[in-house]
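According to this note's numbering, the sequence shown is numbered sequentially starting from 23.
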Amino acid sequence: MAGEKDEPLNIVVALSHDADPYSTLRDALAATDIPANSYRLMRSLGKKDFEDKIGDVDVAIVWHFAPELLRRAKRLRWVHFAMAGVDDALHPALVESPVLVTSSVGIHGGPVAEHAFAMILAFARGLALAFANQHERRWARLNVVYNILELRGLTLGVVGLGHIGRAVASLGKAFGMHVVGVNRHGGEVENVDEVLTPDGLPKLLSRADFVVLCVPLTDETRGMIGVDEFRLMKDSAYLINVARGPLVRGDTLLEALRHRWIAGAGLDVFETEPLSPDHPLYNLDNVIISPHVAGVTPHYWERMARLFVDNFKKFLAGEEPETKVDKERGY
23 MAGEKDEPLN IVVALSHDAD PYSTLRDALA ATDIPANSYR LMRSLGKKDF EDKIGDVDVA
83 IVWHFAPELL RRAKRLRWVH FAMAGVDDAL HPALVESPVL VTSSVGIHGG PVAEHAFAMI
143 LAFARGLALA FANQHERRWA RLNVVYNILE LRGLTLGVVG LGHIGRAVAS LGKAFGMHVV
203 GVNRHGGEVE NVDEVLTPDG LPKLLSRADF VVLCVPLTDE TRGMIGVDEF RLMKDSAYLI
263 NVARGPLVRG DTLLEALRHR WIAGAGLDVF ETEPLSPDHP LYNLDNVIIS PHVAGVTPHY
323 WERMARLFVD NFKKFLAGEE PETKVDKERG Y
């Protein structure tokens with residue numbers, strides 16, 4: 023399936039980054055048994071260069087793919103996105119086209135779970151307060167002592183049990199927590215004590231001491247946490263969002279935090295990014311903010327390269343790649 027008349031497939035890597043994803047992918051492909059004459063790997067040197075090459079591209083590895091390029095991409099058969107969440111990238115023209123779309127889902131599970139638990143531990147051990155006291159050169163021991171929790175025996179609610187959600191659940195069990203999760207189908211999931219379907223979300227919210235959002239952003243999940251959902255949560259509970267900002271209604275989040283409907287929130291993602299310097303979230307003492315870095319790892323590109331190579335082998339064999347995106351569902 024290399025192409026018509028056995029021409030090599032032109033693969034372009036259009037990923038601007040401080041690291042060198044092109045070299046990593048080149049080396050990963052060279053280390054396989056994929057015939058070197060079945061593909062031609064090219065590097066895009068920027069937006070203009072990518073636009074100049076697009077007419078000859080069969081496979082594009084990108085962060086984003088502009089709608090206007092699709093009309094000129096006469097040979098394009100496959101777009102691979104370097105990130106897991108493709109909610110911003112699936113424009114209507116790409117959805118309606120016959121072009122195969124894959125994502126890098128699965129390579130973020132460990133790092134994102136670790137980030138979520140860093141936030142959970144920061145709240146549970148009073149570290150958020152300790153850091154604030156440190157910057158003010160205050161000892162304030164009792165201020166921290168009265169806010170310390172022990173995770174063992176507490177309930178962890180995981181909304182979404184894909185790669186990331188399952189990794190979060192695994193860490194929860196390692197800390198001795200009772201894990202309740204929600205996914206579309208229910209059924210047993212390793213390291214999850216109770217698996218609920220979406221209509222069980224109110225039950226999860228009312229019981230969990232920590233709620234971690236791990237679902238993709240779709241029309242169904244956008245704004246899924248609003249007034250009613252915050253009101254269901256315990257006033258001692260914490261919300262951790264390492265998925266997508268628009269899952270939570272921003273104004274309602276501020277109200278819930280200001281009026282202590284919940285104890286606090288750990289936020290790596292926001293409705294609008296970057297977060298404005300004058301955003302009121304910065305002024306709240308019950309919030310931990312990180313700048314959308316939960317998925318960052320020094321091993322990102324080697325994992326993405328291995329995933330692409332596995333998908334490429336299936337593509338050449340006429341099989342469905344492992345991380346094919348369902349364009350209608352959006353993930």
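Note that beta-carbon positions come from the ideal geometry of N, C-alpha and C, so glycine has one too.
Owing to the predicted nature of the structure, the values given are computational and were not obtained by experimental measurement.
Report the three-state DSSP secondary structure of residue i (helix, strand or coil).
i, result
"Leu274", "In the sequence as presented, Leu is not what sits at residue 274; that position holds Thr. Three-state result, Thr274: helix."
"Ile310", "strand"
"Met64", "strand"
"Ala88", "coil"
"Asn205", "coil"
"His185", "helix"
"Glu342", "coil"
"Gly131", "helix"
"Thr319", "coil"
"Gly107", "coil"
"Asn305", "helix"
"Thr219", "coil"
"Asn22", "Given that the chain is displayed from residue 23 to residue 353, the structure contains no residue 22 and the question cannot be resolved."
"Gly25", "Model confidence at Gly25 stands at a pLDDT of 47, short of 50, so the residue's coordinates are unreliable; what they give is reported in the following sentence. Residue state, collapsed to three classes: coil."
"Gly77", "helix"
"Thr177", "strand"
"Ala115", "helix"
"Val234", "strand"
"Val331", "helix"
"Ala41", "coil"
"Val101", "strand"
"Ala12", "Residue 12 lies beyond the residue range present for the chain, which begins at 23 and ends at 353; the question has no answer from this structure."
"Ala53", "coil"
Look at residue i and residue j and say whether their C-beta atoms are less than 7 Å apart.
i, j, result
"Phe232", "Gly267", "no"
"Val264", "His137", "yes"
"Pro238", "Tyr322", "no"
"Val127", "Ala106", "yes"
"Tyr44", "Val34", "no"
"Ala189", "Gly132", "yes"
"Asp80", "Arg93", "no"
"Ala135", "Ala144", "no"
"Leu305", "Leu279", "The question names Leu, yet the displayed sequence has Asn at residue 305. No."
"Ala125", "Thr345", "At residue 125 the sequence reads Ser, which differs from the Ala that was named. Yes; because the gap between Cβ atoms is below 7 Å, this pair is in contact."
"Met141", "Gly340", "no"
"Thr46", "Glu350", "no"
Can you grab the Cα-Cα spacing for the pair residue i / residue j, in whole Å?
i, j, result
"Arg48", "Cys236", "32 Å"
"Arg147", "Leu261", "16 Å"
"Arg99", "Arg244", "30 Å"
"Leu176", "Gly286", "16 Å"
"Thr219", "Val318", "30 Å"
"Gly272", "Ile247", "9 Å"
"Leu112", "Val166", "45 Å"
"Phe197", "Asp348", "35 Å"
"Glu29", "Val108", "30 Å"
"Gly194", "Asp290", "19 Å"
"Phe103", "Gly222", "32 Å"
"Trp85", "Val101", "10 Å"
"Arg282", "Ile310", "15 Å"
"Pro299", "Arg62", "45 Å"
"Ala327", "Arg65", "14 Å"
"Leu276", "Ala259", "15 Å"
"Ala24", "Pro120", "Low confidence applies here, because Ala24 scores a pLDDT of 47, under 50, leaving its location unreliable and the question unanswered by this model."
"Phe139", "Leu116", "36 Å"
"Leu173", "Ile284", "17 Å"
"Leu20", "Asp257", "Outside the shown range of the chain (23 to 353) lies residue 20, about which nothing can therefore be said."
"Lys335", "Leu51", "10 Å"
"His301", "Glu295", "11 Å"
"Lys70", "Leu91", "11 Å"
"Asp40", "Pro313", "17 Å"
"Val214", "Tyr168", "30 Å"
"Val234", "Gly187", "8 Å"
"Glu212", "Met199", "14 Å"
"Val217", "His207", "9 Å"
"Ala95", "Asp78", "7 Å"
"Ala316", "Asn32", "32 Å"
"His157", "Leu171", "23 Å"
Query raised in the report: Given 8 Å as the limit, is there contact between the stretch 182–195 and the stretch 156–165, that is, 3 or more CB pairs closer than that?
Result: no
Query raised in the report: Would you say the stretch 241–258 touches the stretch 212–232, given that touching needs at least three Cβ pairs under 8 Å?
Result: yes
Query raised in the report: Is the stretch 198–209 touching the stretch 72–90, taking contact as three or more C-beta pairs under 8 Å?
Result: No: the two stretches stay apart, fewer than three of their Cβ pairs being nearer than 8 Å.
**Report entry** Runs of beta strand (DSSP E) wholly within the stretch 252–302 (minimum 3 residues, chain order)
**Finding:** 260–263 and 286–289
Report task. Check whether the stretch 330–341 touches the stretch 56–69, counting contact only when three or more Cβ pairs, one atom from each stretch, lie closer than 8 Å. Result -> yes
Requested in this report: Counting only runs of 4+ residues fully inside the stretch 119–169, write out the alpha helix (DSSP H) ranges in chain order.
Outcome: 131–146, 149–157 and 163–167
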